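Residue 113 is where the sequence shown starts when you use the numbering used here, and the numbers rise one by one after that.
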Amino acid sequence: MLKGRLGFLISVVFAKLAFAFLKLTKLSSGTSIIGLFVLKICPDFLIFANDYVTEKKINITGTNGKTTTSGLISHIIEADGKSVINNSMGANMLNGVVNALALQINPFKKTEYSVIELDEANVEPVYEKFDADYLLVTNLFRDQLDRYGELATTKKLIQEGINLKPDIKLVLNADDPLVASIDGGQKIYFGISDVVWKDEISLPETKTEEVFTCPCGKNLQYTKKFYAQQGHYYCECGYKRPEVKYEAAVTLYKTHSVINLNREVYEVPLVGLFNAYNAIGAIALALELGIKDIKTGLKTFHVAFGRSEVKILNGKRVLIQLIKNPVGANEVLKTVDKNTNLLIIINDNYADGRDVSWLWDAEFEFLKQCGKTITVSGIRANDMALRLKYAGVETDKIKIIPDIKQAVEYVGKNTEGDITILPTYTSLLKLNKLKELKKCY
Numbered sequence: 113m114l115k116g117r118l119g120f121l122i123s124v125v126f127a128k129l130a131f132a133f134l135k136l137t138k139l140s141s142g143t144s145i146i147g148l149f150v151l152k153i154c155p156d157f158l159i160f161a162n163d164y165v166t167e168k169k170i171n172i173t174g175t176n177g178k179t180t181t182s183g184l185i186s187h188i189i190e191a192d193g194k195s196v197i198n199n200s201m202g203a204n205m206l207n208g209v210v211n212a213l214a215l216q217i218n219p220f221k222k223t224e225y226s227v228i229e230l231d232e233a234n235v236e237p238v239y240e241k242f243d244a245d246y247l248l249v250t251n252l253f254r255d256q257l258d259r260y261g262e263l264a265t266t267k268k269l270i271q272e273g274i275n276l277k278p279d280i281k282l283v284l285n286a287d288d289p290l291v292a293s294i295d296g297g298q299k300i301y302f303g304i305s306d307v308v309w310k311d312e313i314s315l316p317e318t319k320t321e322e323v324f325t326c327p328c329g330k331n332l333q334y335t336k337k338f339y340a341q342q343g344h345y346y347c348e349c350g351y352k353r354p355e356v357k358y359e360a361a362v363t364l365y366k367t368h369s370v371i372n373l374n375r376e377v378y379e380v381p382l383v384g385l386f387n388a389y390n391a392i393g394a395i396a397l398a399l400e401l402g403i404k405d406i407k408t409g410l411k412t413f414h415v416a417f418g419r420s421e422v423k424i425l426n427g428k429r430v431l432i433q434l435i436k437n438p439v440g441a442n443e444v445l446k447t448v449d450k451n452t453n454l455l456i457i458i459n460d461n462y463a464d465g466r467d468v469s470w471l472w473d474a475e476f477e478f479l480k481q482c483g484k485t486i487t488v489s490g491i492r493a494n495d496m497a498l499r500l501k502y503a504g505v506e507t508d509k510i511k512i513i514p515d516i517k518q519a520v521e522y523v524g525k526n527t528e529g530d531i532t533i534l535p536t537y538t539s540l541l542k543l544n545k546l547k548e549l550k551k552c553y
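This is the structure:
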């Protein structure tokens with residue numbers, strides 16, 4: 113353990129050398145483990161790191177959309193000619209945040225912005241030593257119940273971090289009643305006014321949804337409901353969705369989205385209503401920062417790995433969509449082409465959440481109309497196969513291949529047409545290492 117700025121500088125040098133070694137030996141992706149050792153060398157690393165970001169320190173948290181939203185914000189800032197530190201690989205716990213900062217800080221040159229996504233349970237540990245100007249909260253859904261418990265616990269974890277930063281500016285999703293009720297700082301709300309689906313997108317009706325109560329104890333009512341608990345809500349007692357500064361009309365296509373916000377039209381190369389929310393939050397924050405050319409950053413944005421990412425397998429187009437909880441999975445399932453070759457990979461490692469009961473809350477019934485074989489893989493491949501059976505998928509259309517590499521090879525060699533892969537988080541990391549999956553340029 114080393115104290116003072118010398119310890120900080122030594123830890124930065126160590127991080128860069130360790131990453132080069134891991135990259136050469138391929139022992140690890142180096143997204144978190146380096147941060148663990150950096151903190152052992154310099155426990156106050158985050159305190160000294162504050163001095164190396166000169167303009168604004170931005171964070172993103174919430175259940176879904178953290179990586180995509182932080183990637184959008186970072187790219188918009190970079191397209192505007194500014195320098196940014198970003199944990200783009202999505203390692204968002206304390207060690208991962210330190211890891212990203214240590215690798216990207218230049219001891220001889222300061223960076224203008226940091227855009228760091230934070231795991232909901234790690235807002236407080238990071239904020240104990242690292243400054244924050246903005247915190248964007250995307251949404252709050254039930255996720256990894258073994259780690260977070262119910263939604264009130266998740267909100268409490270975020271709130272405890274915010275309480276350490278009384279002057280922070282909060283960019284909040286007004287359509288999510290839990291997010292909108294977060295306290296502290298200066299509140300800036302974004303949301304959706306209307307949604308239009310184009311390209312003959314067929315949307316199945318979602319049956320499962322959360323029921324939220326007003327602070328007075330009565331169930332919230334809705335004039336518009338977009339998905340899950342998100343929409344225009346109110347209560348007879350007078351409680352209602354807050355006044356929204358950045359409210360957008362959204363048009364969804366099969367290949368992209370169009371967002372009409374404050375008399376400007378933004379085209380976003382992302383699919384799905386969930387990604388429209390991510391983009392609106394990113395645009396709202398960019399407008400708060402005073403960035404004028406937001407459209408260039410949006411048009412040239414490339415998705416983070418596994419978030420609507422496109423790759424090539426044996427000459428076939430592969431769409432990879434991360435799934436990890438019921439609400440997020442439902443929104444992804446709505447976008448699945450029923451004629452695609454589908455591979456679902458379910459793991460239950462710590463980063464995925466040990467509790468896979470969420471498979472029964474997600475509406476895999478959407479897939480019973482799929483015309484081709486559905487391959488399932490991962491540690492919980494058998495659980496996924498059973499869920500598909502009870503969802504109404506014919507058993508002779510379900511193929512179980514627990515080994516992820518073998519499953520990818522099978523789908524690549526034994527199918528015709530496009531492929532869609534739906535992995536959980538650690539299976540996504542495994543996919544990212546497979547040489548069979550090529551980048552799509």
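Every residue gets a Cβ at the ideal spot worked out from N, C-alpha and C, and that includes glycine. Quantities reported herein were computed from a predicted structural model and do not represent experimental measurements.
Status (buried if at least 16 other CB within 10 Å, exposed otherwise) for residue i
i      : result
Glu443 : buried
Gln342 : buried
Asn526 : exposed
Gly524 : buried
Ser469 : exposed
Glu262 : exposed
Glu528 : exposed
Leu269 : buried
Tyr260 : Any reading at Tyr260 must be qualified, since the residue scores a pLDDT of 49, below 50, and its modelled position is unreliable; the value itself is stated next. Its Cβ being crowded by 16 or more others within 10 Å, Tyr260 is buried.
Tyr462 : exposed
Pro289 : buried
Lys545 : exposed
Tyr378 : buried
Nearest residue (CA-CA) to residue i, options the options
i      : options                        : result
Leu252 : Gly297, Ser186, Gly329, Tyr339 : Tyr339
Tyr239 : Gly483, Asn171, Ala191         : Asn171
Lys428 : Leu454, Asp405, Lys446         : Leu454
His187 : Thr408, Asn437, Tyr389         : Thr408
Leu498 : Thr181, Lys517, Phe476         : Phe476
Phe133 : Arg254, Asp515, Leu215, Gly402 : Leu215
Arg70  : Lys436, Ser489, Ala474, Gly483 : Limits of the chain in this structure are 113 at one end and 553 at the other, which puts residue 70 out of reach.
Lys194 : Ala398, Thr487, Val422, Ile513 : Ala398
Gly297 : Gly303, Leu290, Val283, Leu382 : Val283
Phe120 : Asn211, Thr143, Asn199, Thr180 : Asn211
Ile512 : Ile228, Met496, Leu230         : Met496
Lys517 : Ser420, Lys281, Ser539         : Ser539
Gly402 : Thr175, Lys509, Ile189         : Ile189
Ala360 : His368, Thr367, Asn374, Ser369 : Asn374
Lys128 : Gly142, Lys138, Arg117, Leu118 : Gly142
Ile304 : Asn372, Ala503, Leu139         : Asn372
Asp287 : His344, Ile145, Glu272         : His344
Whole-angstrom distance between residue j and residue i, CA atom to CA atom
i      : j      : result
Ile122 : Ser226 : 21 Å
Leu425 : Glu355 : 47 Å
Glu224 : Thr485 : 50 Å
Gly177 : Thr250 : 7 Å
Phe324 : Asn331 : 6 Å
Pro535 : Lys221 : 39 Å
Trp309 : Tyr365 : 6 Å
Leu148 : Tyr334 : 46 Å
Asp279 : Pro327 : 25 Å
Lys152 : Thr507 : 52 Å
Lys169 : Val150 : 21 Å
Leu184 : Val488 : 31 Å
Leu248 : Lys115 : 33 Å
Gly329 : Lys352 : 14 Å
Cys349 : Ala264 : 22 Å
Tyr522 : Asn204 : 33 Å
Thr556 : Lys281 : Residue 556 is absent from the structure shown; the chain starts at 113 and stops at 553.
Lys551 : Gly490 : 22 Å
Ala388 : Thr179 : 14 Å
Ala396 : Phe302 : 7 Å
Boundaries of the beta strand (DSSP E) in which residue i is found, first to last residue
i      : result
Ser369 : 369-373
Lys299 : 298-309
Leu53  : Nothing about residue 53 can be read from this structure; the chain reaches only from 113 to 553.
Asn331 : No beta strand (DSSP E) holds Asn331; DSSP gives it neither H nor E.
Leu246 : It is worth fixing the name first, because residue 246 is Tyr in this sequence and not Leu. Its beta strand (DSSP E) spans residues 246-249.
Lys428 : 428-433
Leu454 : 453-457
Val227 : 223-229
N-terminal and C-terminal residue of the alpha helix (DSSP H) that residue i is part of
i      : result
Glu443 : 438-446
Tyr239 : 235-239
Thr266 : 263-274
Val209 : 206-216
Val291 : 289-292
Residue i CB to nearest heavy atom of the ligand HEM below 8 Å
i      : result
Lys221 : As for the ligand HEM, it is missing from this structure, which has no ligand bound.
Give, in chain order, every unbroken run of the alpha helix (DSSP H) that is at least 4 residues long and sits entirely within the region 335-411.
As far as the region 335-411 is concerned, its whole alpha helix (DSSP H) runs of at least 4 residues are 385-401, 406-411.
Complete runs of the alpha helix (DSSP H) confined to the region 467-545 [at least 4 residues]
For the region 467-545, whole alpha helix (DSSP H) runs of length 4 or above, ordered along the chain, are 470-473, 493-502, 516-526, 537-545.
Restricting to runs no shorter than 4 residues, where is the alpha helix (DSSP H) found entirely within the region 135-202? The region 135-202 contains these whole alpha helix (DSSP H) runs: 145-153, 157-161, 178-191.
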